[in-house]
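Residue numbers (mature numbering (1 follows the signal peptide of the UniProt record, and there is no 0)): -25 to -1, 1 to 981.
Just so you know, even glycine gets a beta-carbon here, dropped at the ideal spot from N, CA and C.
Nothing here was measured: the structure is a model prediction, and the numbers come from that model.
Here the structure is laid out as structure tokens; the discussion comes afterwards.
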């Protein structure tokens, strides 16, 4: 009996006899349709099968057939990827829980999803399978598929568990061991991985991948020879991705074996992860080149290492520095040594890097910190170093060569471990000189005293003595200055110094300022007759010699000295000619005096002494009773030089002439004009007194009383008391009794605020306070003098008061004083002072066109000294930079660079580098910045700007390491210059963004 027949028989027996024929026919029909649907399903005609199963399920009442139909309908839905397929399968399981196909349903669906690569869905159904209800064959497939599904989901622990269950399976064992080996490989368990891989090594399906994995494992286990062997074997058979990695394995294995020449070609063929190398990759290739002595190639790799903060980076930067040194690139080497010295991964490298950084800082300069500080930090960190003596010697020299004296003094005074007194003396002396040149005379004196307290070097002691005396001279302490000059003159070490050559000139000036003319004559005379006297200083000495003879009434020798000055080509020959002319009057040669004065007025029409000449000419005509000529001379003065302080004197003289000629009304007109136009001046007081006499002579005393009652600047009845009080103060002043003079002048000003001598008293009191270092107290008294019409002290007061405001950067108060001084000054140097400081003040206040205008005035002024000319060119250059005229700025800075010193030289040098950078001459630009770092390290602003420029140069030269390292250090070390730091940050971000495209180790802010 066939199976089908047996099955039918069983069915037949089970039914009641009464319905046998009808039921048998219907059931048979259902089975036919069911079997036809099943055949369609098995032939993968799932949609047709599904429709037929639907019909069978709808027509039958048999629960078993219904369950089977529901099973196949759901399975077909899964295979057709129909929406709700999962729900159909869930419905089948729910409605037919006792169906024998439930477990098969889970397994079939899971297998289907597995075979179609939907591993997450597969695992969802595998998890529901009852593995105990499966056959052994199904169970092995279940274990392998489940393991692979977990493997693909990166759940290695569960994957490993399932793979291990079929590792001995005949069908799945090789595959399972391969994946178990791979899991061990990924988990760095190379011994276990190797064991599994060895077991499947003969399987052609896996041999290709196994060679790669085994090469990599041997590399990671340190079996570099084996890794090279297996890598070379696999190399011809590898795909593109494996080819890059195998080259890396082979190259790095050769690298670790020290076979650098062999390593290089393989390291170069590595393409990086996702197309990018990292810092370690660059280090290995760079070091391989370094060991081969190919320093240029080594630099090209090392300098791509950016942001390195590990032992490899420290090693790389150290060898990068060594490579730069080998090629003579010392600035680059300095940066790399600095970087390596800041890392502590390798103590030996750190120490040697710091030593090299310190030595290079001394040799080429350092913009980050003073070479002295670097050398000192090395000694502090490594006190037992075998290089200690060498570094200490460099430290001493660095204090001098770096010219950063302020920091050097601070280091020497605050460091107890370093006690080289000779170095201290030198630094104190040079710092004093620097302060002197900056005009800070009190601080200069303090430092010269420090140098003198450590008299280790006799020549430095002598020079410190001289420059201390010069400083004392500049703060008007003439007694101290003279003592210093004379002490210097008696020192043996002074004889061969440059300062000694002009010493008599300096001493002569100090006596001259002290009004000790007899002594001044001797020293000026000695100087002008010495073989060393020459040029402008000799001319000036001749003039002062003439002045000292003049004030001591030795007029013939005075005239001789003035004439020698004129013959010697003195620049201010007009002064000498004027003095010579008026000297004739004192030797009763008035006709010659008149002749000389007329000649002077014709020859020097623009001289600041022309008003003096006109006034003296008028006086001389009076002396010769030629009053008409005298009146004309005074009128000429009043007309041609109306701003002269001699105008009220000339008018007063005219009033006296008219009075003496009994021309009372003319006299009163002149005298009253003096009072009206020049109130509170000595001439005004004299005019009131003379007018009183005129009114008395004319019998018009009531008119006088009415007129004088409206004059508020003089108390006629207190004139005697006024004079007496003032003379008391003046006597103390002339005798150098400073404190008594101050007290008496204050008393006079308090009692006679508008007194006859109020201008003199205010000026002398201001001078005393200033000389005593009480600058603020001097200001109101200088202000009083400058507020009055032009007088004999106007020029000095304007110069000093404007200087005080300039030192305070109070340009609002300084500017009007300087403008007034420029128009009022008789002394050519005061005009230069006014013009050069107007130039600077306008620049500082943002008025660049005015600054440029005054710069041109300074350059056109023949009395301008070199420093003033340098300042002017700087202003022209700065204004050109601000206005975008770089061609003009370029030529101006080039001129400044020829002669400038100090900060101006630093600025000019920076712009020299700047314009070279603009021209694309990056190496020459860096060379200029290195000079800036070495010779002008004290000027931090220009050092910082130079470093940013240097970074740009290096990046243009394809040295990303130097560029980024320099910018990082600018950001860290120059926070006091926020604009420069912001520029550095922007440049650094730009460079890193570019470098991150090829270097995976570079971190950007994005």
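In the DSSP secondary-structure assignment, residue 443 is not bridged to any residue. Checking the DSSP bridge columns, you'll see residue 252 partnered with 974. When the beta-carbon positions are compared, residue 544 and residue 514 come within less than 9 Å of each other. Contact between the region 794 to 809 and the region 764 to 778 is established, with three or more Cβ pairs separated by less than 8 Å.
Ranked by Cα distance from residue 917, the options 879, 788, 517 are led by 879. Rounded to the nearest whole angstrom, the C-alpha separation of residue 818 and residue 851 is 10 Å. For the options 67, 176, 970, the alpha carbon positioned closest to that of residue 937 is the one of 970. Between residue 483 and residue 519, the beta carbon gap of about 6 Å places them in contact (Cβ cut-off 8 Å).
Between residue 659 and the set 730, 707, 606, 612, the nearest pair of CA atoms involves 730.
In the DSSP annotation of this structure, the continuous segment of the alpha helix (DSSP H) that includes residue 209 starts and ends at 199 to 209. Judged by DSSP secondary structure, residue 246 falls outside any alpha helix (DSSP H); it is assigned neither H nor E. Runs of the alpha helix (DSSP H) spanning 4 or more residues and lying entirely within the region 261 to 347 occur at 270 to 277, 286 to 301, 305 to 316, 322 to 339, in chain order. In the same chain as residue 744, and ignoring 5 residues on each side of it, the C-beta atoms closer than 8 Å to its own belong to 717, 750, 752, 753, 756, in chain order. Judged by DSSP secondary structure, residue 546 falls outside any alpha helix (DSSP H); it is assigned neither H nor E. Closest option to residue 96, judged by alpha-carbon separation, among 106, 85, 105: 85. Sequence-distant partners of residue 653 (beyond 5 residues in either direction) whose C-beta falls short of 6 Å from its own C-beta, in its chain, are 623, 659, 764. Distance from the CA of residue 826 to the CA of residue 370, rounded to the nearest whole angstrom, comes to 42 Å. When secondary structure is reduced to three states using DSSP, residue 848 falls in the helix class. For the set 732, 587, 155, the Cα lying nearest the Cα of residue 140 is the one of 155. Residue 565 and residue 615 have their C-alpha atoms roughly 24 Å apart. Secondary structure of residue 505 (DSSP, three-state): coil. When only Cα atoms are considered, residue 837 and residue 859 end up about 29 Å apart.
As the crow flies, the alpha-carbon of residue 568 is around 26 Å from that of residue 503. In the three-state DSSP reduction, residue 358 falls in the coil class, being neither helix nor strand.
Boundaries of the alpha helix (DSSP H) around residue 156: 148 to 161. When only Cα atoms are considered, residue 968 and residue 402 end up about 46 Å apart.
Of the residues 344, 197, 320, 115, the one whose Cα lies closest to the Cα of residue 949 is 344. Going by C-alpha positions, residue 236 is about 39 Å away from residue 363. About 5 Å separates the Cβ atoms of residue 492 and residue 523, confirming a contact at the 8 Å cut-off. For residue 361, the closest C-alpha among the options 326, 374, 395, 389 is that of 326. For residue 746, the uninterrupted alpha helix (DSSP H) segment begins and ends at 733 to 746. Ranked by Cα distance from residue 379, the options 908, 944, 923 are led by 908. In the DSSP annotation of this structure, residue 35 is not part of any alpha helix (DSSP H), being labelled neither H nor E. In the same chain as residue 214, and ignoring 5 residues on each side of it, no C-beta atom comes closer than 7 Å to its own. In its chain, beyond the 5 residues on either side, 524 have a beta carbon closer than 7 Å to the beta carbon of residue 532.
Contact between residue 892 and residue 933 fails: their C-beta atoms lie close to 15 Å from each other, not under 8 Å.
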